[in-house]
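Engineer:
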Amino acid sequence: MTTIKAIIFDVDGTLADTEDGHRKSFNKAFAESGLNWNWDVALYDKLLRVTGGKERIKYFVGTFQPNFAKPADYEGFVKNLHAVKTRHYTNMLGEGHIPLRPGIKQLINDARKAGVKLAIATTTTPENVSALLEIGLGKDWETYFAANGCGDIVPHKKPAPDIYFWVLDKLRLAPEDCIALEDSENGLRSSLAAGIKTFVTINHYTRNQDFAGAAGLFEDLGDLNAFYRMVGLPLPKQQVSV
Ligand code: XBP
Ligand code: MG
0 MTTIKAIIFD
10 VDGTLADTED
20 GHRKSFNKAF
30 AESGLNWNWD
40 VALYDKLLRV
50 TGGKERIKYF
60 VGTFQPNFAK
70 PADYEGFVKN
80 LHAVKTRHYT
90 NMLGEGHIPL
100 RPGIKQLIND
110 ARKAGVKLAI
120 ATTTTPENVS
130 ALLEIGLGKD
140 WETYFAANGC
150 GDIVPHKKPA
160 PDIYFWVLDK
170 LRLAPEDCIA
180 LEDSENGLRS
190 SLAAGIKTFV
200 TINHYTRNQD
210 FAGAAGLFED
220 LGDLNAFYRM
230 VGLPLPKQQV
240 SV
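Each step along the sequence shown adds one to the number in numbering that gives the first Met the number 0, with nothing skipped, and position 241 is 240.
#1: Let's test the definition: count the other Cβ atoms within 10 Å of the Cβ of Thr142 and tell me whether it reaches 16, buried, or not, exposed.
#2: Tell me whether Thr85, by its Cβ, gets closer than 7 Å to a heavy atom of ligand 4.
#3: Between which two residues does the alpha helix (DSSP H) containing Phe25 stretch?
#4: Which value, in whole angstroms, describes the spacing of the CA atoms of Arg171 and Ala120?
#5: If you draw a straight line from the alpha carbon of Gly242 to that of Val128, how long is it in whole angstroms?
#6: Would you give the residue range spanned by the beta strand (DSSP E) that Lys196 belongs to?
#7: Can you say whether Leu180 is buried or exposed, counting buried as having 16 or more other CB atoms within 10 angstroms of its CB?
#8: Once the 5 residues before and after Lys78 are set aside, which same chain residues still bring their CB inside 8 Å of it?
#9: Would you report the Cα separation of Tyr146 and Ala118, rounded to the nearest angstrom?
#10: Would you kindly check if the distance between the Cβ of Leu216 and the Cβ of Val199 is under 8 Å?
#11: Between the alpha carbons of Tyr227 and Ala173, how many angstroms are there, rounded?
#12: Identify whether Leu167 lies in helix, strand or coil by the three-state DSSP scheme.
#13: Could you tell me the alpha carbon to alpha carbon distance between Lys57 and Glu74, rounded to whole angstroms?
#14: For Ala130 and Leu92, what's the separation of their Cα atoms in angstroms?
#15: Straight-line CA distance for Asp19 to Ile201?
#16: Assuming Asn35 and Asn26 form a contact by the criterion Cβ under 8 Å, report the distance between their Cβ atoms to the nearest whole angstrom.
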């Protein structure tokens with residue numbers, strides 16, 4: 000059995016069920032900016048085909064608002080609108096509204112004790128990761144991760160493999176030394192294109208997506224022992240006193 004040297008985590012949908020928080024924050028930003036746009040769950044499901052908030056706004060305008068009069072500095076407009084969204088989203092996280100998914104904190108603790116490296120590979124904005132993990136793991140969360148690949152750091156977001164290549168380079172590890180944890184088809188396409196064995200935890204938005212090529216599929220990581228068995232990770236589940 001190959002020894003797994005690192006676990007690379009997607010953030011949105013994987014570490015926490017964040018997408019409805021993102022959706023509501025986009026809507027707050029639209030209202031604050033005087034736009035009568037509203038992304039309901041059914042529409043957001045379609046918009047999630049495009050990763051990255053700025054890219055998603057542009058996809059929405061191009062596909063669903065063909066008559067929108069774009070301002071002269073359209074790039075600046077989108078950037079600004081997205082910054083307002085990020086403010087609302089990080090405020091929501093700071094108030095502790097979005098917890099980590101079952102098993103995530105324990106897995107991170109087990110891996111650290113076993114000397115397995117941890118990394119992040121996400122399309123989301125770095126401030127979002129900080130706000131989520133400061134609450135979920137504590138102020139020193141950054142020291143837990145050997146590589147933290149976020150947002151615009153690479154030219155092409157998921158499903159392109161760029162962010163995973165960036166993380167592998169930082170870790171100085173080969174793809175076969177790592178596993179990835181993802182929740183979406185776009186994420187899976189990205190990690191597989193980088194040659195990384197990938198396990199998927201599904202959620203409300205991704206349940207019906209195509210996960211062909213995944214090494215394993217889980218509802219969540221509530222049963223960590225089952226996950227460790229399937230992955231081949233010899234990590235003991237720590238005894239938690241209740
Ligand atoms: C998550 C995303 C992100 C978030 C919004 O995908 O696509 O764009 O929805 O975050 P993944 P930003 O889980 O595959 O990384 O608005 O900060 O881009
Ligand atoms: Mg995701």
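Beta carbons are placed, not taken as given, at the ideal position from N, Cα and C, and that holds for glycine.
Structural biologist: Short version:
#1: By the 10 Å Cβ count, Thr142 comes out exposed.
#2: As for ligand 4, it is missing from this structure, which binds only ligand 1 and ligand 2.
#3: 18 to 31
#4: 15 Å
#5: Nothing about residue 242 can be read from this structure; the chain reaches only from 0 to 241.
#6: 196 to 200
#7: With 16 or more other Cβ atoms within 10 Å, it is buried.
#8: Lys53
#9: At residue 146 the sequence reads Ala, which differs from the Tyr that was named. If you take the alpha carbons of Ala146 and Ala118, they lie about 5 Å apart.
#10: yes
#11: 21 Å
#12: helix
#13: So the alpha carbons of these two residues sit roughly 9 Å apart.
#14: Per the coordinates, the alpha-carbon of Ala130 lies some 6 Å from the alpha-carbon of Leu92.
#15: Looking at the two C-alpha atoms, the distance is approximately 15 Å.
#16: No, Asn35 and Asn26 are not in contact; Cβ-Cβ is about 11 Å, not under 8 Å.
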